[in-house]
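What the sequence shown shows, in our numbering, is residues 173 to 499, in sequence order. Each residue gets a CB set at the ideal place from its N, CA and C atoms; glycine is no exception.
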Amino acid sequence: MATYVIRRLLWLPVLLLIVSFSTFTLARYGPGDPVSVAAGQSRDPAVLAQVRASRGLDQPIPQQYMRWLNRAVRGDLGESYLQRGYSVSELIFPKMWISAQLGLVALIIVFAVGIPLGLLAARLAGTWADPAIIGSLLFLQAIPVLVIIPPLIWLFAVKLQVLPAGGWDGIFALYWIGGVLAVPLPNPHLYIPLVAFTLPGFVGVARLIRITALEVNLEDYVRTARSKGLSEAAVQFRHVLPNALLPLVTVVGFALAGIIEGAFFVETLMGINGIGRLTFEAVTSRDYDLILATTVIFAAAFVICNLIAELVYGVVDPRVRLGASRR
């Protein structure tokens, strides 16, 4: 197992090199000119030539990439083309913390809601409610994030005026009781973004749990547990759930990828100043160094989360651990 982990970790730099070089090349050959972006409103040939030389953009692309890579391994991700005076690191890392908080809460809700919902759907399989449950899950999973948010903003922020229409003010807010006791409760700014983030995710988890639980319910040990007189709740949570959770470990990385993908739209539409919104603004304004840095960070996060999921799966399922040790 240790050999397998080391081999996968050694592949991480290779993958990041491929992702960074591909993004770097596409950005250089894509629409727009980095020099015109960095020069701002000036179109003076002398100014453009000076900017091109100062940023090394007059060199061949492989040489430009090696220059960027040499800086990146030392922690220098470059300077923003548009927000002058700010390095890419100064722009990214404060916003990463905001997105990490929102993403972690969303991931917890995805599994906290999806697992019980999947068990309930499996328990009702074959009844009159089964087609309605399956149809509802498929319908909810098919709704794009861009379609979810505007009606929620209109209903809860504009019509009912019970939730803010956007912004970010942390996960918790303090509510004073009698002017003496401060109780931390979920911030109202969280509700609409979390619904948009988690709806496709927990529906996908519920569908996977339903399919797996139906298979586990047919196993002999589950039938034996029922024949011994155990309550249905005990059967589900002691015998069905632990085995139904095994395939779920493998989709943690994909759930994270879905949250990252949703961050571009949710943070932009809701005015949340996270890394998703920063990336969206970098793409629309062609801030090349910022695009490159955020792409590499997202790729690294995705690979690391999938590696952790594989390791956890190897711990809970000895067959996977044994297979990995033989490779």
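- request: Can you say whether Phe344 is buried or exposed, counting buried as having 16 or more other CB atoms within 10 angstroms of its CB?
  value: exposed
- prompt: With C-beta atoms as the reference, is Pro365 less than 8 angstroms away from Met268?
  reply: No, the pair does not count as a contact, with Cβ atoms beyond the cut-off.
query: Roughly how far, in whole angstroms, is the beta-carbon of Thr467 from the beta-carbon of Leu450, given that I think they are within contact range, below 8 angstroms?
result: About 12 angstroms; that fails the 8 angstroms criterion.
query: Hey, how far is the Cα of Leu402 from the Cα of Thr422?
result: 30 angstroms
task: Measure the CB-CB distance between Ala385 and Val412 and report whether it falls below 8 angstroms.
output: yes
message: For Ala471 and Trp240, what's the separation of their Cα atoms in angstroms?
response: 18 angstroms
- request: Have a look at Pro322 and Phe437 and give me their C-alpha separation to the nearest angstrom.
  value: When rounded, the distance between both Cα atoms is 11 angstroms.
message: In this structure, how does DSSP classify Pro356 when only helix, strand and coil are distinguished?
response: strand
- prompt: Nearest to Leu332 by CA position, among Gly339, Leu324 and Gly338, is which residue?
  reply: Leu324
message: Rounded to the nearest angstrom, what separates Pro234 and Val191 at their Cα positions?
response: 14 angstroms
field: Continuous beta strand (DSSP E) assignments of at least 3 residues falling wholly in the region 241-300
entry: Whole beta strand (DSSP E) segments, 3+ residues: zero.
- request: Assuming Asp459 and Leu318 form a contact by the criterion Cβ under 8 angstroms, report the distance between their Cβ atoms to the nearest whole angstrom.
  value: Going by Cβ atoms, the distance from Asp459 to Leu318 rounds to 23 angstroms, so no, they are not a contact pair.
message: In this structure, how does DSSP classify Ile349 when only helix, strand and coil are distinguished?
response: strand
query: Which residues share a DSSP beta bridge with Phe344?
result: Looking at the DSSP output, Phe344 sits in a beta bridge with Pro358.
task: Put Ala337 into one of helix, strand or coil per three-state DSSP.
output: coil
message: Let's see if you can read the secondary structure: which residues bound the alpha helix (DSSP H) around Arg449?
response: Ile447 to Ser457
- request: Tell me whether the beta-carbon of Leu504 lies closer than 8 angstroms to the beta-carbon of Leu462.
  value: For the chain, the structure presents residues 173 to 499; residue 504 sits outside this window and is missing.
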